[in-house]
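If you count by our numbering, then the sequence shown holds residues -13 to 212, one letter each, in order. Here a beta-carbon is modelled for each residue, glycine too, at the ideal position from N, C-alpha and C. Before any comments, here is the structure.
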Amino acid sequence: RKALVRTSEQRVAGAVFAASSVVTPFFLGAVAGGIASGRVPTGGYGDALSSWTNPTSMLGGILAVSVCAYLAAVFLTGQSVRRGDTELEQGFRRRALAAGVASGLVALAGVFILHDDSPRLFHQLSRVGLPLLIISAVCGVAALLLLRSGRPPLVRTLAAAAIACVVAGWGVAQYPYLLGTHLTIDQAASPSATQWVLIAVSCVAAVLIAPSLLLLYTLSLRRKLE
């Protein structure tokens, strides 16, 4: 968008970016909801429409959009503080607070949706996944409270931890199944040789890529790339 000269072109680029920022997390959440609710059977024989348009999928999509908006506003608040732009900081702080409250309300409504639409997932989340959900709620509330008083680094950490705990809670509730209750992780796993190759490649990639990403992130935070 910055490379474009004409205002009309900048508006089009901005609209496309804004639309993709909503569509991408929504459909990612919808897919996760379809998998979590057990509507995706093995072999691809599920319903092409209802597998992704059910209440749990809609919940996942809306929650993903609100969470992404919240995280983006939190991180941009920190960027505004580092730039010393008070007006921009206040604007992003208001957006972060609004998105955080909206995410909490969606998550609260999700309790009732999962109870009716995905009883097994609700049962597991209310048992084995409950500690992680409690930690997520505590981190989320703490992040919102600290967001009003500043402390961007701590707010970013708490916000990210809140989201990570929700995802981890879903994983714990889903275990040991990968799809519904008909395909376990062990059944879907690749042969041991393939897994070891993937682990080795991932370790090499982490060693090669992680330092450069860390350097890029550090330089960006210190405004050395401008």
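**Asked** Using the C-alpha atoms, what's the distance from Leu169 back to Tyr163?
**Response** Along the sequence shown, read from residue 1 onward, the residue named residue 163 stands at position 177. Along the sequence shown, read from residue 1 onward, the residue named residue 169 stands at position 183. Between Tyr163 and Leu169, the C-alpha separation is close to 6 Å.
**Prompt:** If you drop the 5 nearest sequence neighbours on each side, which residues of the same chain put their C-beta closer than 8 Å to that of Val8?
**Reply:** The count along the sequence shown starts at 1 and reaches residue 8 at position 22. Apart from the 5 residues on each side of it in sequence, Val8 sits with its Cβ closer than 8 Å to the Cβ of Val51 in its chain, given in chain order.
**Request:** Would you grab the beta carbon distance between Arg142 and Val60 for me? Rounded to a whole angstrom, and I think it's under 8 Å.
**Result:** Along the sequence shown, one-based indexing puts residue 142 at 156. Along the sequence shown, one-based indexing puts residue 60 at 74. For a cut-off of 8 Å, the C-beta gap from Arg142 to Val60 is around 6 Å, short enough to register as a contact.
**Message:** So, for Val92: in the same chain, excluding its five sequence neighbours on each side, which residues have a beta-carbon less than 8 Å away from its beta-carbon?
**Reply:** Start at 1 with the first residue of the sequence shown, and residue 92 comes out as number 106. The residues are Leu45, Ile48, Leu49, Ser52.
**Item:** Close Cβ partners of Leu119 (< 6 Å) along its chain, the five nearest in sequence each way excluded
**Value:** For the purposes of this step, residue 119 is taken as the residue at position 133 of the sequence shown. Within the same chain, Leu119 has close Cβ partners Gly155.
**Prompt:** Just checking, does the region 110 to 124 make contact with the region 30 to 39 on the three C-beta pairs under 8 Å criterion?
**Reply:** No, because fewer than three Cβ pairs between the region 110 to 124 and the region 30 to 39 fall closer than 8 Å, the two stretches do not touch.
**Item:** Contact check, Leu100 vs Leu107, beta carbons under 7 Å
**Value:** For the purposes of this step, residue 100 is taken as the residue at position 114 of the sequence shown. For the purposes of this step, residue 107 is taken as the residue at position 121 of the sequence shown. Yes, they are a contact pair.
**Asked** Does the distance from the CB of Tyr56 to the CB of Gly86 come in under 7 Å?
**Response** Taking the first residue of the sequence shown as position 1, residue 56 is located at position 70. Taking the first residue of the sequence shown as position 1, residue 86 is located at position 100. The answer is yes: Cβ separation under 7 Å.
**Asked** Cβ atoms of Val158 and Ser122: under 7 Å apart, would you say?
**Response** Taking the first residue of the sequence shown as 1, we reach residue 122 at position 136. Taking the first residue of the sequence shown as 1, we reach residue 158 at position 172. Cβ atoms of Ser122 and Val158: not closer than 7 Å.
**Prompt:** So who's on the other strand from Leu169, going by DSSP bridges?
**Reply:** As a first step, residue 169 must be located in the sequence shown, where it is residue number 183. Within the DSSP bridge table, the entry for Leu169 names Leu165 as partners.
**Prompt:** Could you check where the alpha helix (DSSP H) with Asp103 kicks off and where it finishes?
**Reply:** Your numbering for residue 103 matches position 117 in the sequence shown. Taken as a continuous stretch (DSSP letters only), the alpha helix (DSSP H) holding Asp103 covers 72 to 103.
**Item:** Bounding residues of the alpha helix (DSSP H) (the contiguous stretch that carries Leu130)
**Value:** As a first step, residue 130 must be located in the sequence shown, where it is residue number 144. In the DSSP annotation of this structure, the continuous segment of the alpha helix (DSSP H) that includes Leu130 starts and ends at 116 to 135.
**Message:** Rounded to whole angstroms, what is the Cα-Cα separation between Ala18 and Ser43?
**Reply:** On the sequence shown, position 32 is the one that residue 18 refers to. On the sequence shown, position 57 is the one that residue 43 refers to. Those two C-alpha atoms are separated by around 7 Å.
**Prompt:** Out of curiosity, what's the CA-to-CA distance linking Ala4 and Ala179?
**Reply:** On the sequence shown, residue 4 is found 18 positions in, with the first residue counted as 1. On the sequence shown, residue 179 is found 193 positions in, with the first residue counted as 1. The alpha-carbon atoms of Ala4 and Ala179 are separated by roughly 43 Å.
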